[in-house]
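K.L.:
Can you read through this structure? Questions will come right after.
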Amino acid sequence: METLEAIFSRQSVNKLRPDPVPRALLEQVLAAAAQAPNHYRVRPWRFIVLTDAARERLGEVFAASLRARQPDLPAAAYEKERRKPLRAPALIVVAAAKPASPREILEENIAAAAAATQNLLLAAHALGLAAKWRTGTAASDPAVKAFLGLEADQPLVAFIYLGYADVSLPPPNRPDHTDRTTWMTA
Ligand SMILES: Cc1cc2nc3c(=O)[nH]c(=O)nc-3n(C[C@H](O)[C@H](O)[C@H](O)COP(=O)(O)O)c2cc1C
Numbered sequence: 002m003e004t005l006e007a008i009f010s011r012q013s014v015n016k017l018r019p020d021p022v023p024r025a026l027l028e029q030v031l032a033a034a035a036q037a038p039n040h041y042r043v044r045p046w047r048f049i050v051l052t053d054a055a056r057e058r059l060g061e062v063f064a065a066s067l068r069a070r071q072p073d074l075p076a077a078a079y080e081k082e083r084r085k086p087l088r089a090p091a092l093i094v095v096a097a098a099k100p101a102s103p104r105e106i107l108e109e110n111i112a113a114a115a116a117a118t119q120n121l122l123l124a125a126h127a128l129g130l131a132a133k134w135r136t137g138t139a140a141s142d143p144a145v146k147a148f149l150g151l152e153a154d155q156p157l158v159a160f161i162y163l164g165y166a167d168v169s170l171p172p173p174n175r176p177d178h179t180d181r182t183t184w185m186t187a
């Protein structure tokens, strides 16, 4: 798929089939993610791929966290939380690395990790996969980060829910750039 076509036709897909994503495709989208620009070439992205039972373990952490935050919810609420990672056959968590030297800037590392995330989404789309970028409470939850091997203050940029679309969506219809653009020519 041509680059501009991928950019303009990509869209978030919520409903995914349970069919597993072949490891070779996951490796391809990760390789594409790692081509993103980044200052000082520190490659400040970290990817954690969860498939199969790892998604169930993440769901247990989601549910336990919700229970710790809000202990009086009906059981169905915890069950819904537990099942969230099962909405996709593969999840790719994208985190940013904290600065490892004085010249690195946290915001730049987050920006680079976000650029890697968009590369990942576009590559997935070009390869016939469907995806959804999610964050939510889980993205700032220390228990979730600990489960994923991240530090409590390490930015978690995205949970990418990845799989094959289970819906047929009309083409995206997004506003263009004009009301967000200022031209300065003198
Ligand atoms: C930083 C970031 C966080 C997001 N978090 C969520 C989220 O928690 N839940 C969700 O449904 N969508 C989330 N999204 C996806 C956006 O809702 C989605 O991209 C937007 O609706 C536009 O749809 P499109 O991707 O089809 O253009 C997030 C997107 C970004 C960039």
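In this note's numbering, the protein residues as written are 2 to 187. Even glycine gets a Cβ: it sits at the ideal position worked out from N, Cα and C.
1. In whole angstroms, give me the CA-to-CA distance for Ala131 and Ala187.
2. Do you know offhand how far Tyr162's Cα is from Ser10's?
3. What does DSSP give as the partner residue(s) for Ile161 in the beta ladder?
4. Taking only the alpha-carbon atoms, compute the straight-line gap between Pro72 and Thr4 and give it to the nearest angstrom.
5. Between Ser66 and Lys85, what straight-line distance do the alpha-carbon atoms span, to the nearest angstrom?
6. Please list, in chain order, all residues with a C-beta atom less than 5 Å from at least one heavy atom of ligand 1.
7. From Leu17 to Ser169, what distance separates their C-alpha atoms?
8. Quick one: measure Cβ to Cβ for Ala89 and Gly164, integer angstroms, because I've assumed they're closer than 8 Å.
9. Give the DSSP-derived three-state secondary structure of Leu128 in the structure shown.
P.N.:
For this structure:
1. Spanning the two alpha carbons is a distance of roughly 44 Å.
2. 18 Å
3. Residue pairing by DSSP puts Ile161 in a beta bridge opposite Ile93 and Trp134.
4. 47 Å
5. 13 Å
6. Gln12, Ser13, Trp134, Arg135, Thr136 and Gly137
7. 11 Å
8. 5 Å
9. coil
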